[in-house]
Amino acid sequence: MRKADLVSNISEKTGVPKVDVLVSLETFFQEVKDTLASGENVYIRGFGSFIVKKRAKKIGRHIKKNKAIEIPEHFIPAFKPAKVFVEQVKDNVDSLPE
């Protein structure tokens with residue numbers, strides 16, 4: 076499913092115009108990005124958590140030059156689904172025919 080499909084589905088189910096759904100969705104995405112960029116996590120009960128994870132520094136390899144390089148510690152965004160969400164997906168996907 077793409078973002079356009081998601082907007083269409085939400086618009087059909089709620090009766091809200093597509094443009095309003097798109098603006099709301101874009102605002103949500105931007106708010107999550109801004110919050111994570113400031114170092115805070117976003118918790119949505121029953122759905123999951125958008126969190127910032129710290130990656131330790133490590134030694135990598137520059138393949139073309141065949142040299143070891145140091146990759147400094149850095150932070151990455153991550154998503155951790157809620158238990159309810161995981162269970163719902165497990166139950167529904169297990170019942171699909173192969």
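If you're matching positions, the sequence shown starts at 76 in my numbering and goes up one per residue.
Note that beta-carbon positions come from the ideal geometry of N, C-alpha and C, so glycine has one too.
- Query: Do you know offhand how far V82's Cα is from R130's?
  - Reply: Computed Cα separation, rounded: 34 Å.
- Closest Cβ-Cβ distance between E106 and chain D: below 8 Å? Among the chains in the structure shown there is no chain D, since it carries only a single protein chain.
- Pick helix, strand or coil for F125, following the three-state DSSP scheme. It is a strand residue.
- Item | Where A131 falls: helix, strand or coil (DSSP) | Coil, per DSSP.
- Is V161 buried or exposed, if buried means 16 or more other CB atoms sit within 10 Å of its CB? Classification for V161: exposed.
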